[in-house]
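Colleague: Protein chains in written order, with our numbering: chain A, 1 to 117; chain B, 1001 to 1111.
Here it is, the structure in full.
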Amino acid sequence: GAGVSQSPSNKVTEKGKDVELRCDPISGHTALYWYRQSLGQGLEFLIYFQGNSAPDKSGLPSDRFSAERTGGSVSTLTIQRTQQEDSAVYLCASSPREEIAGVREQYFGPGTRLTVT
Amino acid sequence: QKEVEQNSGPLSVPEGAIASLNCTYSDRGSQSFFWYRQYSGKSPELIMFIYSNGDKEDGRFTAQLNKASQYVSLLIRDSQPSDSATYLCAVNLGGTYKYIFGTGTRLKVLA
């Protein structure tokens, strides 16, 4: 079946502009995550959504970052007034509600490479 | 602060050898542990997960978990040049959907 998809794959923007990054999770997956990966770094958790519950926004680095998930499916991560330090690969992952022996697996999309000039 | 620690490497092993990748974690409430492989410029792909103390084998890969020592490892037998990648360790905090990732270990398998 189809995996997690993200768009655009690459985005170059000027400092100060707003950007929107899109994630389409695997059909039926109830949990959706956004991570950021800077060059040579690990994955930095940003936000996750689970069903109709309030999202966990504890990883968002500033109030310039926001995300929404419409209809329990597609999610958009918005970065306002972009800064050069926002340059990174933004990865989306989804996870099914069902557990396998108490374990929920994450499946990652291909990522969006954001470059702020 | 909940942390997952990995040696950044690179870890270089000759082709056919066993590669051993290690990870420690700080939160004793952690319940499940994941190993991802990430090729340069690509997204992470799940190799395997483990949640019980001991060993779990899947093909050439073996995950080892020691909750008392807060230690998880990944062994790759008969390493191949195609195994050259960054290996990320991730921990799922018990009762949550939250995952904490290590910064990864870069593995180089020399032909």
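In this text, a Cβ means the ideal position worked out from N, Cα and C, and glycines have one as well.
So that I know if they touch, is there some Cβ in chain B lying closer than 8 Å to that of A/Pro25?
Modeller: For the purposes of this step, residue 25 of chain A is taken as residue 25 along the first sequence, with counting starting at 1. No, its Cβ sits nowhere closer than 8 Å to a Cβ of chain B.
Colleague: Kindly list the residues whose CB is nearer than 6 Å to the CB of A/Thr78, restricted to its own chain and excluding five residues on each side of it in sequence; keep chain order.
Modeller: Your numbering for residue 78 of chain A matches position 78 in the first sequence. Only Glu20, Ser66 meet the Cβ criterion.
Colleague: Find the residues of chain A that neighbour B/Gly1102, judging by a C-beta separation of less than 8 Å, and give them in chain order.
Modeller: In the second sequence, the residue the question calls residue 1102 of chain B occupies position 102. Neighbours of B/Gly1102 on chain A, chain order: Gly42.
Colleague: Report back the beta-carbon spacing between A/Lys15 and A/Thr115 to the nearest angstrom; my notes put them in contact at under 8 Å.
Modeller: Along the first sequence, read from residue 1 onward, the residue named residue 15 of chain A stands at position 15. Along the first sequence, read from residue 1 onward, the residue named residue 115 of chain A stands at position 115. Not a contact, Cβ separation roughly 11 Å.
Colleague: Determine, using beta carbons only, whether B/Ser1012 comes closer than 8 Å to chain A.
Modeller: Within the second sequence, numbered from 1, the residue matching residue 1012 of chain B stands at position 12. So, not an interface residue.
Colleague: Identify which residue in B/Gly1016, B/Tyr1025, B/Val1013 has its Cα closest to the Cα of B/Gln1006.
Modeller: As a position in the second sequence, residue 1006 of chain B is number 6, starting the count at 1. That would be B/Tyr1025, whose Cα lies nearest to the Cα of B/Gln1006.
Colleague: Which chain A residues sit within Cβ distance under 9 Å of B/Leu1088?
Modeller: In the second sequence, the residue the question calls residue 1088 of chain B occupies position 88. Going along chain A in sequence order, the residues near B/Leu1088 (Cβ under 9 Å) are Gly42, Leu43.
Colleague: Does the structure place the region 1004 to 1024 of chain B close enough to the region 26 to 38 of chain A that three or more beta carbon pairs sit under 8 Å?
Modeller: The region 26 to 38 of chain A, when compared against the region 1004 to 1024 of chain B, does not touch it at the 8 Å Cβ threshold.
Colleague: Classify A/Asp86: buried if its beta carbon has 16 or more other beta carbons within 10 angstroms, exposed otherwise.
Modeller: Your numbering for residue 86 of chain A matches position 86 in the first sequence. Result: buried.
Colleague: DSSP on A/Asp86, reduced to helix/strand/coil?
Modeller: Locating residue 86 of chain A in the first sequence gives position 86, where the first residue counts as 1. DSSP places A/Asp86 in helix when its eight states are reduced to three.
Colleague: Between which two residues does the beta strand (DSSP E) containing B/Tyr1071 stretch?
Modeller: The residue you call residue 1071 of chain B lines up with position 71 of the second sequence. Start and end: 1071 to 1076.
Colleague: Whose CA, out of A/Phe49, A/Gln80, A/Val4, A/Arg64, lies closest to the CA of A/Thr70?
Modeller: Your numbering for residue 70 of chain A matches position 70 in the first sequence. Ranking the options by Cα distance to A/Thr70, first place goes to A/Phe49.
Colleague: Since B/Ile1047 contacts B/Tyr1039 with CB under 8 Å, what's their CB separation in whole angstroms?
Modeller: Working through the second sequence from its first residue, we reach residue 1047 of chain B at position 47. Working through the second sequence from its first residue, we reach residue 1039 of chain B at position 39. With a Cβ gap of about 12 Å, B/Ile1047 and B/Tyr1039 do not count as contacting.
Colleague: Using a cut-off of 8 Å between C-beta atoms, extract the partners of A/Glu123 located in chain B.
Modeller: Summary: the structure shown does not reach residue 123 of chain A, with chain A confined to residues 1 through 117, and so no result is reported for it.
Colleague: Determine whether the Cβ of A/Glu105 lies closer than 8 Å to any Cβ atom of chain B.
Modeller: Taking the first residue of the first sequence as 1, we reach residue 105 of chain A at position 105. For A/Glu105, the answer is yes, since a Cβ of chain B falls inside 8 Å of its Cβ.
Colleague: In or out: A/Ala2 buried (at least 16 other Cβ within 10 Å) or exposed?
Modeller: Along the first sequence, one-based indexing puts residue 2 of chain A at 2. By the 10 Å Cβ count, A/Ala2 comes out exposed.
Colleague: What residues in its chain sit with their C-beta under 8 Å from that of B/Leu1110, if we drop five residues either side in the sequence?
Modeller: Translated into positions along the second sequence, residue 1110 of chain B becomes position 110. Same-chain partners within the cutoff: Ser1012, Val1013, Pro1014, Glu1015, Pro1081.
Colleague: For B/Leu1075, which option in B/Ala1068, B/Gln1064, B/Ala1085 has the closest C-alpha, if you only look at C-alpha atoms?
Modeller: As a working note, residue 1075 of chain B is residue 75 in the second sequence. Selected option, being the one with the closest Cα: B/Gln1064.
Colleague: Name the DSSP bridge partner or partners of B/Ile1047?
Modeller: Position 47 of the second sequence holds residue 1047 of chain B. None, per the DSSP bridge assignment.
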